[in-house]
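Participant:
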Amino acid sequence: MPASRSPWRSLRYRSMRWWSVANFVSNAGTWMQLTVQNLLVLEITGSAAATGLSMSVQAAPALLISVLGGAAVDRWPRKLTAAVSQAVLGAIAFTTAVLVALDRIDMTSLMVLAAVTGVVATVDNPACALLGNDLVPAEDVPSAIGVGALVHQAGRLVGAALAGVAVGFLGTSVAYFGNGLSFLFVASVIPFLRPAAGAARAQERNHRASKNTGPDLTVREGLAYFVRRPRLVALAGVTGISSVFGRNYGLTLAVLVTGPLAGGAGSFGTVSTVLAVGGILGAVLGARLRRPSVRLVGALAAAGGLLQAMAGVSPSLAVLIALVLPMAVVESISDTAGTAVLQTDPPAHLRGRVLGVWGSIGTVWGLGGPPALGLLMELAGPRGALVTGGLLIAGAIGAGSLLRQRRAVSPVVLRTEEHDVPGQPVLSPAA
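In structure tokens:
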């Protein structure tokens, strides 16, 4: 009987169903708080720059100490780590709620709480990501990731809507209380989760392998594994160039729609909706994957780059919308495939540290991408930025693929006792 390719196959497992519900609740609470927090900072300071600063303060720990958080996830029991980190995040949300309700909140308090949240997240993010993967066999991890992406999008929409209700009828502090409750709900679900049978056996094998290779749980071991693993380095390169020169459509498409295409806020809202729909469709299609590869990630990212370049020369809003949908779909599939590779490639005893390394790298892209793209837009305009960025993405990935193929078939001279045999391809051990 052929293996299932249903995007929902991970939901066959009871623990995965509970985890998806918990993640939906948590995402709704998080987005409710984030929406209200931006409004709160504006209310306190009246400065958009201060809002950006509060977001940067929360992201900064990921840049500096994600590798340490990943090492902690590898060292400590995963369920306990995830439950405790969720409870701590809930306590931070409740603390903020009390300060807001008592009108004792100020920018210093918000910055400190944001920084502490960022520190805890360096442990919570890899712990929760890997815990979700433990609930299904390895071949169903892409489905779990795709379902997680759908849950994230649904939680984001619900959270933003709830934020409006909270601010309009119940007050700002309610959003923080709600987020705190969402964290406690997740923490209460975690003890009852059980790994799937296949995943449990794989965990046991990896645990024995970890014992045989020694107790070294240092950060350096995770960094060394990442650097020495060509497919992870290639994945970082593909994701990095895509993040810097693409993806920031809230900036590039907003300027394109309201500028050269002479549309208004309503038109950009339509484009944003199409992007969201494409992301959801891509997550569903990505969840059908069984053995995603870096080659697939690169091919999809290059296709997305070419579509982005075509979008940059769109003569009308209708043409732009027709291109935006497939652009969002292929990029969402690429994201799902890349996440599956990242979370399943390392051995179990190294996955936390590899995700920690990835968290630091991703923060660099997140902080450096918008300024770089903004500079490109200043020099080339919105159309030029989209076209140049898309061609850079596709060209860099294509060049990397060609270089890899050349290295793979590079001829060498094999010496025998009687004569030299030139032109034979070099042989490499199986991966």
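In the working numbering, the protein residues as written are 1 to 431.
Glycine is no exception: its CB is placed at the ideal position from the N, C-alpha and C atoms.
None of these values were measured; they are calculated from a predicted model.
1. Tell whether a beta-carbon distance below 8 Å holds between residue 120 and residue 89.
2. Drop a sphere of 10 angstroms on the beta-carbon of residue 78, count the other beta-carbons inside from all chains shown, and report buried for 16 or more, exposed for fewer.
3. By Cβ distance, which residues of its chain are closer than 6 Å to residue 243, with the 5 residues on each side in sequence left out?
4. Nearest by alpha-carbon distance to residue 160: which of 326, 35, 87 is it?
5. Out of curiosity, what's the CA-to-CA distance linking residue 39 and residue 53?
6. Does DSSP put residue 118 in a helix, in a strand, or in coil?
7. Give the secondary structure of residue 62 by DSSP, where H, G and I count as helix, E and B as strand, and everything else as coil.
8. Compute the beta-carbon to beta-carbon distance between residue 259 and residue 382, rounded to the nearest angstrom, for a pair I have assumed lies under 8 Å.
9. When the Cβ atoms of the stretch 320-334 are set against those of the stretch 131-139, are three or more pairs found closer than 8 Å?
10. Using CA atoms only, rank isn't needed, just tell me which of 356, 104, 392, 396 is closest to residue 129.
11. Measuring CB atoms only, is the stretch 57-67 touching the stretch 147-156, in the sense that at least three cross pairs come out at less than 8 Å?
12. Would DSSP call residue 417 helix, strand or coil?
13. Could you tell me if the beta carbon of residue 175 falls within a distance shorter than 7 Å of some heavy atom in the ligand ATP?
14. What residue from 22, 32, 97, 105 has the CA that sits closest to residue 82's CA?
15. Report yes if the C-beta distance between residue 74 and residue 350 is below 8 Å; otherwise report no.
16. What's the gap between the Cα of residue 272 and the Cα of residue 361?
17. In or out: residue 142 buried (at least 16 other Cβ within 10 Å) or exposed?
18. DSSP three-state label for residue 4, please.
19. For residue 167 and residue 334, I'd like the C-alpha separation in whole angstroms.
20. Return the chain-ordered ranges of every alpha helix (DSSP H) run that is complete within the stretch 127-164 and spans a minimum of 4 residues.
21. In whole angstroms, what is the alpha-carbon distance linking residue 391 and residue 46?
22. Could you check the C-alpha separation between residue 116 and residue 92 for me, to the nearest Å?
23. Residues in its own chain within less than 8 Å of residue 105 by CB, not counting five upstream and five downstream?
24. Could you tell me which uninterrupted alpha helix (DSSP H) segments, each at least 4 residues in length, are contained entirely in the stretch 218-256, listed from first to last along the chain?
25. Does residue 436 come out as helix, strand or coil in the three-state DSSP assignment?
Facilitator: Concretely, from the data shown:
1. Counted from its first residue, the sequence shown places residue 120 at position 120. Counted from its first residue, the sequence shown places residue 89 at position 89. Yes.
2. For the purposes of this step, residue 78 is taken as the residue at position 78 of the sequence shown. With 16 or more other CB atoms across the displayed protein chains lying within 10 angstroms of its CB, residue 78 is buried.
3. For the purposes of this step, residue 243 is identified with residue 243 of the sequence shown, where counting begins at 1. Excluding sequence neighbours, residue 243 sits near 365, 369.
4. As a first step, residue 160 is located in the sequence shown; it is residue number 160 there, counting from the start. The shortest C-alpha separation from residue 160 is found at 35.
5. For the purposes of this step, residue 39 is taken as the residue at position 39 of the sequence shown. For the purposes of this step, residue 53 is taken as the residue at position 53 of the sequence shown. Going from the Cα of residue 39 to the Cα of residue 53 covers about 14 Å.
6. Residue numbering aside, residue 118 sits at position 118 when the sequence shown is read from its first letter. In this structure, residue 118 counts as helix in the three-state DSSP scheme.
7. Here the question's residue 62 lines up with position 62 in the sequence shown. Three-state DSSP puts residue 62 in a helix.
8. Within the sequence shown, numbered from 1, the residue matching residue 259 stands at position 259. Within the sequence shown, numbered from 1, the residue matching residue 382 stands at position 382. Sure, about 6 Å apart at Cβ, within 8 Å.
9. no
10. On the sequence shown, position 129 is the one that residue 129 refers to. Comparing Cα positions, the closest option is 356.
11. no
12. Taking the sequence shown and counting its residues from 1, the one referred to as residue 417 is at position 417. Confidence at residue 417 is low in this model, with a pLDDT of 48, below 50, so its placement is unreliable and the value that follows should be read with caution. Residue state, collapsed to three classes: coil.
13. The model on display carries no ligand, and the ligand ATP is accordingly not part of it.
14. Taking the first residue of the sequence shown as 1, we reach residue 82 at position 82. Selected option, being the one with the closest Cα: 22.
15. Sequence index remark: in the sequence shown, residue 74 carries index 74 (1-based). Sequence index remark: in the sequence shown, residue 350 carries index 350 (1-based). Cβ distance < 8 Å, so residue 74 and residue 350 count as in contact.
16. Along the sequence shown, read from residue 1 onward, the residue named residue 272 stands at position 272. Along the sequence shown, read from residue 1 onward, the residue named residue 361 stands at position 361. Taking the straight line joining both Cα atoms gives about 27 Å.
17. The count along the sequence shown starts at 1 and reaches residue 142 at position 142. By the Cβ-count criterion, residue 142 is buried, with 16 or more other Cβ atoms from all chains shown falling within 10 Å of its own Cβ.
18. The residue labelled residue 4 in the question sits at position 4 within the sequence shown. In this structure, residue 4 counts as coil in the three-state DSSP scheme.
19. Along the sequence shown, one-based indexing puts residue 167 at 167. Along the sequence shown, one-based indexing puts residue 334 at 334. Residue 167 and residue 334 have their alpha carbons spaced roughly 37 Å apart.
20. none
21. For the purposes of this step, residue 391 is taken as the residue at position 391 of the sequence shown. For the purposes of this step, residue 46 is taken as the residue at position 46 of the sequence shown. Computed Cα separation, rounded: 39 Å.
22. Numbered from its first residue, the sequence shown carries residue 116 at position 116. Numbered from its first residue, the sequence shown carries residue 92 at position 92. Approximately 8 Å, taken between the alpha carbons.
23. To locate residue 105, count along the sequence shown from 1; it is residue 105. Closer than 8 Å at the Cβ level, and outside the excluded window around residue 105, lie 40, 44, 96, 99.
24. 219-228, 230-245
25. Because residue 436 is not part of the residues shown, which for the chain are 1 to 431, the question remains open.
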